[in-house]
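J.: In the working numbering, the protein residues as written are 510 to 822. All residues carry an ideal CB built from backbone N, CA and C; glycine is no exception. The structure presented is a predicted model; accordingly, all values stated were derived computationally and were not measured.
1. Beta strand (DSSP E) containing residue 665: first to last residue?
2. In chain order, what residues of the same chain have a beta carbon less than 6 angstroms from the beta carbon of residue 682, not counting five sequence neighbours either side?
3. Under the three-state reduction of DSSP, which class applies to residue 702: helix, strand or coil?
4. Would you identify the three-state DSSP class for residue 707, choosing helix, strand or coil?
5. Per DSSP, which one or two residues make a beta bridge with residue 596?
6. Just list the residues that DSSP pairs residue 764 with in beta bridges.
7. According to DSSP, is residue 567 helix, strand or coil?
8. For a test of the three-state rule: what should DSSP assign to residue 562, helix, strand or coil?
9. Compute the beta-carbon to beta-carbon distance between residue 700 and residue 717, rounded to the nearest angstrom, for a pair I have assumed lies under 8 angstroms.
10. Alpha carbons only, please: which of 649, 623, 631, 658 is nearest the one belonging to residue 640?
11. Taking the continuous beta strand (DSSP E) assigned at residue 621, which residues delimit it?
12. What does the alpha-carbon distance come out to for the pair residue 648 and residue 566?
13. Quick check on the DSSP output: the beta strand (DSSP E) that includes residue 655 runs from which residue to which?
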């Protein structure tokens with residue numbers, strides 16, 4: 510028997526022995542332990558890797574291969590770390606991470622997307638108080654639009670300008686009241702419109718010091734009021750309609766008290782009222798256009814302390 514034949518027999522016996530040991534180990538449910546596993550393609554290039562990091566993180570990464578099989582870029586990466594949970598990343602053809610799904614160390618979930626410049630574009634996440642948030646970012650990486658809602662029913666949409674200050678917000682509370690605010694370049698709200706829990710609406714126009722100049726609202730008595738005011742002198746003019754066809758225009762003095770007004774109702778009754786500076790005395794002229802009765806003129810005392818004594822319709 511030649512030396513070559515003896516060598517082949519020895520190799521065959523060794524291979525058989527390894528095969529028997531391997532099958533025995535597999536049949537006994539033993540484990541193969543290693544720090545890294547690589548799967549290769551037909552060209553011998555890595556298509557998938559599994560390994561562990563120094564900090565204990567376990568990672569699985571797949572690769573996208575070009576047709577020539579000579580270049581590769583990451584496709585998907587899955588990692589798990591005990592303190593922070595798991596994370597899944599996907600990459601574009603340049604090897605840049607463009608989406609991330611994971612859980613942070615506080616057990617909250619998040620999702621992030623990025624452009625080819627690696628800047629975040631959209632982020633969805635939850636907070637420790639069970640609030641869900643969506644943020645949209647600008648080219649500079651700063652949040653421009655955000656939307657969040659709480660488990661109590663409160664929600665808000667906000668828009669930021671280049672200076673990181675609010676431009677507009679839209680919100681609603683758990684009671685059903687809503688509010689829209691528009692801000693100036695200094696981040697101060699100058700327009701507000703909203704509704705209360707009773708279903709009434711209002712509109713406010715403010716100056717840069719948040720002093721109200723113009724109010725438009727719906728009253729609890731099914732009426733509408735538009736108020737123009739001077740924040741410095743406290744003088745104001747209002748236009749009002751009420752249930753039953755009553756309409757009036759009035760003015761208030763620097764004490765914020767009624768000083769003059771005109772009005773009419775649906776039955777043709779019209780009136781003019783004038784008060785003094787403290788609204789302790791005044792005059793009233795009433796005209797009925799539907800009847801033969803002459804106009805009525807009278808002096809009133811203390812009658813206008815709480816506003817115009819408007820006749821009932």
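T.: Judging by the given coordinates:
1. Residue 665: member of the beta strand (DSSP E) spanning 664-669, first to last residue.
2. Closer than 6 angstroms at the Cβ level, and outside the excluded window around residue 682, lie 663.
3. Three-state result, residue 702: strand.
4. coil
5. For residue 596, which the question treats as bridged, DSSP gives the partners 588, 611.
6. According to DSSP, residue 764 bridges with nothing at all.
7. It is a strand residue.
8. coil
9. In this structure residue 700 does not touch residue 717 by the C-beta definition: roughly 12 angstroms separates them, more than the 8 angstroms allowed.
10. The residue with the shortest Cα to Cα distance from residue 640 is 658.
11. Here the beta strand (DSSP E) through residue 621 covers 618-623.
12. 32 angstroms
13. 652-658
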